[in-house]
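Chains as they are written, first to last, in this note's numbering: chain A, 560 to 781; chain B, 560 to 781.
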């Protein structure tokens, strides 16, 4: 039986699912970590399970109920409604979960350290920067230094898509044959993507720019 | 009613309790955060409650069950026995909880961001460095950069005792009138401190070097 050689964060969204396929294509055998952190779009967790299963990748779901700690995010259960409109800073700001990425990445680094693994991957990309300060290169670099110096294993934090656009990710996923219908982007907690929130619009734009059809789109056209 | 002006991590141990008194002496009104993370010495949590109450400081206990995630630490429920002997790297290494400080500090930064506060304090000191990589200055500095760049509030991470020895902390606590009997150091989960584990020995040494009696020592002499 193969042993995992790195940890990766798999939300079940488009970016991290393409990252999973990308890592496997590069010959890696990651342990996929998914966080059930109280997000309204918990539906992404089922998608993560599906993708890990499809690729035969070990998968752990960690429950980290941030909705019981933080009151200020529309992304979490108990928060205000998810805004509709562009994927812009004004529109998306209410969806920011305070320091979410540092919290989830610090768990992932801990899991790597605990299992003697030296690398943690995650799917932050260029378009996220404007809205989410914890997707910026200076954050990723500083947290990487902290992870390396704060662990015996000198765990590395890696964001291979950091300089990529969402369109680049869609094109890479297409080349890898990612079943995009098994990824979930909509921030609302409904049965089908709303097509109107910032993440639905961002996804639409990325497929349009890539000149591809989104097999997930059928759901919101109904 | 006063509003808290910063967040601080209060474990209920000696260092963070002196830090609490130190911050209050400097005119700060912190929100004290204690983590119930599955440590065998959960007794420190009751001490943290006591100290916060004595000073009239708002206090929140967050449950973050790291013992259900990590298998490799003797500090956690389910781990092997706490080692006895000096506070040295060989002796204490089994007590390291993988990436613990980054996980707990990232929650604290999130709480600060959620409440619009700009500072997070914690009680890492010079003696911890050899054993715990996540108490080293380069870790603290890098995580501080990550916290600042990863939050809208540009939250600062501060470790005022970073260059102090444990003896310095004991002397400062003595000058501030800290009731040391309301602090808990022993890593074992017993009713009284064992007097033999690394943290008990480190504490004894610090009081001895400071030329002071430890009112907590009466308990282990019985």
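Where a beta carbon is used, it is the ideal one built from N, C-alpha and C, also for glycine.
For a contact meaning CB atoms closer than 8 Å, what does residue 662 (chain B) contact in chain A?
-> 662, 665, 666 and 669
Cut-off 6 Å between Cβ atoms - residues of its own chain near residue 561 (chain A), not counting five sequence neighbours on either side = 588
Residue 568 (chain A) (DSSP reduced to helix, strand or coil) | strand
Please list the partners that residue 635 (chain A) has in chain B, where partner means a Cβ-to-Cβ separation under 7 Å.
-> Within chain B, no residue comes near residue 635 (chain A); the closest Cβ sits about 11 Å away, beyond 7 Å.
Along the chain, which unbroken stretches of the alpha helix (DSSP H) at least 4 residues long are found entirely within the region 695–776 of chain A?
-> 696–708, 725–735 and 757–769
Determine whether the Cβ of residue 685 (chain B) lies closer than 9 Å to any Cβ atom of chain A.
-> no
What's the call for residue 612 (chain A), buried or exposed, on a 16-neighbour Cβ count within 10 Å?
-> exposed
Closer than 9 Å to chain B by CB, residue 657 (chain A) = yes
In the DSSP assignment, find the beta strand (DSSP E) that holds residue 592 (chain A) and state where it starts and stops.
-> 589–595
Could you confirm whether any beta carbon from chain A is found closer than 9 Å to the beta carbon of residue 640 (chain B)?
-> no
Spell out whether any CB of chain B is found under 9 Å from the CB atom of residue 748 (chain A).
-> no
CA-to-CA distance, residue 749 (chain B) to residue 781 (chain B), given in whole angstroms | Its pLDDT being 44, under 50, residue 781 (chain B) is placed unreliably in this model, and the value from its coordinates should be taken loosely. So the two alpha carbons sit approximately 14 Å from each other.
Using beta-carbon positions only, say whether residue 681 (chain B) and residue 610 (chain B) come within less than 9 Å of one another.
-> no
Which residue or residues does DSSP assign as beta-bridge partners of residue 613 (chain A)?
-> Answer is none; residue 613 (chain A) lacks a bridge partner.
Neighbourhood of residue 598 (chain A) by C-beta distance below 7 Å, restricted to the same chain and skipping five residues each side | 634 and 635
Does the beta-carbon distance from residue 716 (chain A) to residue 656 (chain A) come in below 9 Å?
-> no
Using a Cβ-Cβ cut-off of 7 Å (strictly less than) and excluding sequence neighbours within five positions of residue 691 (chain B), which residues of its own chain qualify?
-> 655
Whole angstroms is fine: what's the gap from residue 765 (chain B)'s alpha carbon to residue 772 (chain B)'s?
-> 10 Å
Would you decide whether residue 637 (chain B) is buried or exposed? Buried here means 16 or more other CB atoms lie within 10 Å of its CB.
-> exposed
Would you mind stating whether residue 604 (chain A) and residue 620 (chain A) have Cβ atoms separated by less than 9 Å?
-> yes
Going by beta carbon distance, what residues of the same chain come within less than 7 Å of residue 695 (chain B), once the five residues before and after it are set aside?
-> 688
Just the chain A side, please: which residues come within less than 8 Å of residue 678 (chain B) by C-beta, in chain order?
-> Those do not exist, as residue 678 (chain B) stays about 14 Å from chain A at its closest Cβ, beyond 8 Å.
Could you tell me the distance, in whole angstroms, from the CA atom of residue 742 (chain A) to the CA atom of residue 775 (chain A)?
-> 8 Å
Along chain B, which residues have their Cβ under 7 Å away from the Cβ of residue 673 (chain A)?
-> 629, 630, 631 and 657
Kindly indicate if chain A contains any beta-carbon less than 9 Å away from that of residue 771 (chain B).
-> no
Say whether chain B places a C-beta atom closer than 9 Å to the C-beta of residue 551 (chain A).
-> What is shown of chain A runs 560 to 781, which leaves residue 551 (chain A) out entirely.
When the Cα of residue 735 (chain B) is compared with those of B:625, B:580, B:627 and B:760, which residue comes out closest?
-> B:580
Give the residues of chain A in contact with residue 710 (chain B), contact being defined as C-beta atoms less than 8 Å apart.
-> 657, 658, 692 and 693
Residue 761 (chain B): buried (16+ other C-beta within 10 angstroms of its C-beta) or exposed?
-> buried
Kindly indicate which residue of B:566, B:756, B:770 and B:769 has the alpha-carbon position closest to the one of residue 616 (chain B).
-> B:566
If you count every other CB in all the chains shown that lies within 10 Å of the CB of residue 593 (chain B), and 16 or more means buried, which is it?
-> buried
With 16 other Cβ atoms within 10 Å as the buried cut-off, status of residue 630 (chain B) = exposed
Whose Cβ in chain A lies nearer than 9 Å to the Cβ of residue 704 (chain B)?
-> 697, 698, 700, 701, 702, 704 and 705
Identify the continuous beta strand (DSSP E) that holds residue 620 (chain A) and give its terminal residues.
-> 618–622
Using three-state DSSP, classify residue 625 (chain A) as helix, strand or coil.
-> helix
Name the two residues that bound the continuous beta strand (DSSP E) containing residue 680 (chain A).
-> 678–680
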